[in-house]
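Participant: Chains as they are written, first to last, in the working numbering: chain A, 1174 to 1585; chain B, 1174 to 1585.
2 protein chains.
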Amino acid sequence: MRNVAVIGYGVVGSGTVELFEKNREDICHKIGRDCDIKYICDLRDFPGDKFEDRLVKDFNVILNDEEIEVVAEVVGGATFAYEYTRKLLEKGKSVVTSNKELVAMHGAELLSIAKAHDCNYLFEASVGGGIPIIRPLNKCLAGNKITKIAGILNGTTNFILTKMIKEQMSFEDALSMAQKLGYAEADPTADVEGHDACRKICILASLAFGKHVYPKYVHCSGISHITLDDVEYAENAGYGIKLIGSAEPLDDGRIGVIVCPRLVPHSDLLSNVDDVYNAIRVIGDGSGDILFYGRGAGKLPTASAVVGDIIDCLKHKDRSIMIGWDDCSDKSYVAPYKAMKTTMYVRIKGGDSEALKPAVTELFGKVMYLERNGRPDDELAFMTPNMLESEIDEKLEELSKAASIESKIRLI
Amino acid sequence: MRNVAVIGYGVVGSGTVELFEKNREDICHKIGRDCDIKYICDLRDFPGDKFEDRLVKDFNVILNDEEIEVVAEVVGGATFAYEYTRKLLEKGKSVVTSNKELVAMHGAELLSIAKAHDCNYLFEASVGGGIPIIRPLNKCLAGNKITKIAGILNGTTNFILTKMIKEQMSFEDALSMAQKLGYAEADPTADVEGHDACRKICILASLAFGKHVYPKYVHCSGISHITLDDVEYAENAGYGIKLIGSAEPLDDGRIGVIVCPRLVPHSDLLSNVDDVYNAIRVIGDGSGDILFYGRGAGKLPTASAVVGDIIDCLKHKDRSIMIGWDDCSDKSYVAPYKAMKTTMYVRIKGGDSEALKPAVTELFGKVMYLERNGRPDDELAFMTPNMLESEIDEKLEELSKAASIESKIRLI
């Protein structure tokens, strides 16, 4: 049976075809029947490509072929991909994807269309690349109330931060190295400013808490403002700096979701996740603390997740297997981050730092001061007590009359 | 619907009932219909227990009740549990279990019975307690050829080793502390000698490589012979000591499976897994290096996995969802461990250590010597080059004419 199609023959698409063909014999054995890739849909030409005879340009060829059971949508974006996915699911063809943008925007709707048409919309590859996280959260941990998710969800920023921490490279140099190595795109905004991580934590939060969490409602700050001075203060105090996406259910039914750099103590495994690796912590009321670690991006790791989903769809033809989330209205369940409690690392500059300490103490009470080699006389770094972020901001507003607030980083 | 039964009301059984009842409303929502625990089967009395009215002593009550769809077998052992499980599956009732002994001995057979009767035999709780590993390996990574599995699979021994490494506690003291804390049983043999870890790596190997790997064919050595001297030599050289179960497919179709303590470099996340935590590394040809970390045992973590499996069975009534392994003959696919290559830490004693060095060099060539504070003049510790274990043994046999071989620990 040539029952599989791939839409998009870029990095992930070609990885998917490569891995599927390499392990096809085993895959057929696992699903208990024959299977193969029939079409690869892309608007570009690939003259001389090994699978040139399977290339098609017209999506409708796939849509209208009765033999096709599963389609891997690895085009990306939320316009054409959205339209393709809807049409395929409405025809009862399962769709698997690495398209985090689409899942984060329309996941609930697409899952419900799949369910209504006895097929599946699977997206293991959309979060954590090759790391199994969607299925574990959706199935293995289904007996738990999830009390917290926190993860390093973007490999590019983790690579940059690792270079800054381990090799004292500046943000700019580390970014340009990441670009040279192909880890960062020419326009690195989506990675560096946290938008990519934001989509991923929204998908995990939606799955874990059963309500669609839209990226547009989530506070998201990136790593471009982190300096080597901050890195050094943190290191001296026993912390690394990581870009963390986190989500937790609040007592009032809302969800606390935020993406931002955080100080992570070295005793925490997350602090030891380096380079382009990702790691996701999930805490359940039964399971306790679980951590998933691996390659969060890249051709074959992402393909590994896509192919796993293809196999699951082939094995469960005409049967919905995912536990979806219900609410696909545009409503926001996200709690304002300023109403959450946090501990904040703060770096200030201005005048004589010793003279600033009484002002800090008056505002925050007793704080922990951090040190770094060659700290200038006019610089001070400290950790606030754990308090509402709105309160911290008020106090810093007050403090800014005496000193300039150079840096604020939340503690994990 | 009161469609669930639990057999065995011990630690895991009571955890399962507790977690299921606590989150029952959410669980019903997830499966899209009502569900509840109807029976708890145990030969003991539990007067005053909250669920006393659901307790039954006769297994046949469960077997013959048409309403029961899923049974959690958390009795343990491979005699009664085996009989119960077979009978239930043959009636088309799904069984979920934490019983690693039974899965390691009869997993292939029970999976095939389940498949033949359109029901499921799930055992997420049998390896890694609350850590999702069975389903990720069986589903998410199904598109990969697995090239290696290596893990810390036993919490008790990891607790003991952590105390030895971090607090210089002797093996005996650490064991007795583990017993006091309830982490080790009065007879700690199954944990300490690696039998428990062995069952777990066999289950993972069977799943990953599609052939039943029997514990009886696997070389298994425990941690009772590890001394604080070994710990110190290892630490000084940048290694921790961990009990590792590992499995890898060999080119000749056999599987290299072994359970033994190993030196693990501190740069490896496995080396940072402390106390009763477990962690499992899986390497796939697509996914690359993946690590799963969490609580490998305990009442609620294990219950988390059991309840996750119950939910999956309820969601997939009359439909087999697992990818099983084929060969349930008694054949051994396990390669003799002596035919595998390894690097070995060796500690020897006898005469003047400086005088022993030429003999070591003659046998092994240039080796790396390790140091510890207050090393006695008659002691020497070194790392062999990577070579066949049979060769190492021959050379050590030769060396034993000049010195006594005190300790041998493989490198990861």
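Ideal placement from N, C-alpha and C gives every residue a C-beta, glycine not left out.
In this text the structure is predicted, and so the values were computed from the model without any measurement.
Does any C-beta atom of chain C lie closer than 8 Å to the C-beta of A/Ile1484?
Facilitator: Here the protein chains are A and B, and chain C is not one of them.
Participant: Output, in sequence order along the chain, the residues in the segment 1285-1301 of chain A whose CB is closer than 7 Å to any CB in chain B.
Facilitator: So the close ones are Glu1297.
Participant: Determine whether the Cβ of B/Pro1309 lies closer than 8 Å to any Cβ atom of chain A.
Facilitator: For B/Pro1309, the answer is yes, since a Cβ of chain A falls inside 8 Å of its Cβ.
Participant: Within 10 angstroms of the Cβ of B/Gly1469, are there 16 or more other Cβ atoms? Answer buried if so, exposed if not.
Facilitator: Its Cβ being crowded by 16 or more others within 10 Å, B/Gly1469 is buried.
Participant: Tell me whether B/Leu1354 is buried or exposed, calling it buried when 16 or more other Cβ atoms sit within 10 Å of its Cβ.
Facilitator: So B/Leu1354 ends up on the exposed side.
Participant: In the DSSP assignment, find the alpha helix (DSSP H) that holds B/Glu1225 and state where it starts and stops.
Facilitator: Unbroken run through B/Glu1225: none, as it is neither H nor E.
Participant: Suppose the cutoff is 8 Å on Cβ atoms and the five residues either side in sequence are ignored; what does the same chain contact list for B/Ser1493 look like?
Facilitator: If we look at B/Ser1493 and ignore the five residues flanking it on each side, its Cβ neighbours are Ala1287, Lys1288, Asp1291, Cys1292 and Asn1293.
Participant: Can you give me the start and stop residues for the alpha helix (DSSP H) that A/Gly1426 sits inside?
Facilitator: Note, A/Gly1426: premise wrong, no alpha helix (DSSP H); not H, not E.
Participant: For A/Ala1478, which residues in chain B fall below 7 Å Cβ to Cβ?
Facilitator: Simply Cys1313.
Participant: Which residues of the segment 1404-1419 of chain A have a Cβ closer than 8 Å to any Cβ of chain B? Give them in chain order.
Facilitator: Those residues of the segment 1404-1419 of chain A that come within reach of chain B (Cβ to Cβ, closer than 8 Å) do not exist; the list is empty.
Participant: Can you check which of these residues, A/Ile1210, A/Ala1378, A/Ala1575 and A/Glu1225, is closest to A/Leu1216 by C-alpha distance?
Facilitator: With distances taken between Cα atoms, A/Leu1216 lies closest to A/Glu1225.
Participant: Step through the CB atoms of chain B and report whether any lies within less than 8 Å of the CB of A/Arg1206.
Facilitator: Chain B contact via Cβ: absent.
Participant: Would you mind working out which of A/Glu1191, A/Val1184, A/Tyr1510 and A/Leu1192 sits nearest A/Ser1394, comparing C-alpha positions?
Facilitator: A/Ser1394 has its Cα closest to that of A/Tyr1510, out of A/Glu1191, A/Val1184, A/Tyr1510 and A/Leu1192.
Participant: If we call anything under 8 Å between Cβ atoms a contact, is A/Ala1378 one with A/Asp1369?
Facilitator: No. Outside cutoff.
Participant: Tell me whether A/His1439, by its Cβ, gets closer than 7 Å to a heavy atom of the ligand HEM.
Facilitator: Looking for the ligand HEM in the displayed structure turns up nothing, as the structure carries no ligands at all.
Participant: If I measure Cβ to Cβ from A/Asn1559 and keep anything under 6 Å in the same chain, skipping five residues before and after, which residues do I get?
Facilitator: Contacts found: Lys1514 and Thr1516.
Participant: I'd like to know whether the C-beta atoms of B/Pro1305 and A/Cys1486 end up nearer to each other than 8 Å.
Facilitator: Contact flag unset, no.
Participant: What are the partner residues of B/Pro1422, as DSSP defines its beta bridges?
Facilitator: The partner list for B/Pro1422 (beta bridge, DSSP) reads B/Ile1428.
Participant: Between the Cα of A/Tyr1387 and those of A/Lys1530, A/Ser1397 and A/Ile1376, spot the shortest distance and give me the residue it belongs to.
Facilitator: The shortest Cα separation from A/Tyr1387 among A/Lys1530, A/Ser1397 and A/Ile1376 belongs to A/Ile1376.
Participant: At a CB-CB cut-off below 7 Å, which residues of chain A make contact with B/Arg1492?
Facilitator: Residues of chain A passing the Cβ test: Arg1492.
Participant: Using a C-beta cutoff of 8 Å, does B/Asp1424 count as contacting chain A?
Facilitator: Judged by the 8 Å Cβ criterion, B/Asp1424 is not in contact with chain A.
Participant: On the CB-based measure, 16 or more other CB atoms within 10 Å of its CB, does B/Met1278 come out buried or exposed?
Facilitator: So B/Met1278 ends up on the buried side.
Participant: Interface residues of chain B around A/Leu1442 at Cβ under 7 Å?
Facilitator: Residues of chain B passing the Cβ test: Leu1442, Asn1445 and Tyr1466.
Participant: Taking the alpha-carbon positions, what's the A/Asp1402 to A/Arg1545 distance?
Facilitator: Cα to Cα, the separation comes out at about 8 Å.
Participant: Going by beta-carbon coordinates alone, are A/Val1177 and A/Lys1203 separated by less than 8 Å?
Facilitator: Contact: no.
Participant: Between which two residues does the beta strand (DSSP E) harbouring A/Leu1450 extend?
Facilitator: Checking the displayed sequence, the identity of residue 1450 of chain A turns out to be Tyr instead of Leu. Per DSSP, A/Tyr1450 belongs to the beta strand (DSSP E) from Tyr1450 to Gly1457.
Participant: Which residue wins for smallest C-alpha separation from A/Val1449, given the options A/Lys1336, A/Glu1535 and A/Lys1373?
Facilitator: It is A/Lys1336.
Participant: Could you check whether A/Ala1452 and A/Gly1523 sit closer than 8 Å to each other, using their CB atoms as the reference points?
Facilitator: Their beta carbons are not under 8 Å apart, which means A/Gly1523 does not touch A/Ala1452 by this criterion.
Participant: Work out the CA separation of A/Thr1330 and B/Asp1458 for me, nearest whole Å.
Facilitator: Roughly 25 Å between the two C-alpha positions.
Participant: Answer yes or no: does any C-beta atom of chain A fall closer than 8 Å to that of B/Asp1238?
Facilitator: Not an interface residue.
Participant: Distance check for B/Ala1512 and B/Lys1475, CA to CA, integer angstroms please.
Facilitator: Note that residue 1475 of chain B is Thr in the sequence shown here, rather than Lys. Going from the Cα of B/Thr1475 to the Cα of B/Ala1512 covers about 36 Å.
Participant: Would you kindly work out how many angstroms separate the C-alpha atoms of A/Val1185 and A/Val1179, rounded to a whole number?
Facilitator: Approximately 10 Å between the Cα atoms of the pair.
Participant: Measuring straight from C-alpha to C-alpha, what distance separates B/Asp1441 and A/Ser1419?
Facilitator: Each residue's alpha carbon lies about 25 Å from the other.
Participant: Taking the Cβ atom as the reference point for each residue, do A/Gly1316 and B/Ile1213 lie within a distance shorter than 8 Å?
Facilitator: No; because the gap between Cβ atoms is not below 8 Å, this pair is not in contact.
Participant: Considering just the uninterrupted stretch of the alpha helix (DSSP H) at A/Ile1565, what are its terminal residues?
Facilitator: Residues Glu1562 to Leu1572.
Participant: Taking C-beta pairs closer than 9 Å, name the residues in chain B that A/Lys1586 reaches, listed in chain order.
Facilitator: There is no way to answer for residue 1586 of chain A, as the model of chain A reaches only from 1174 to 1585.
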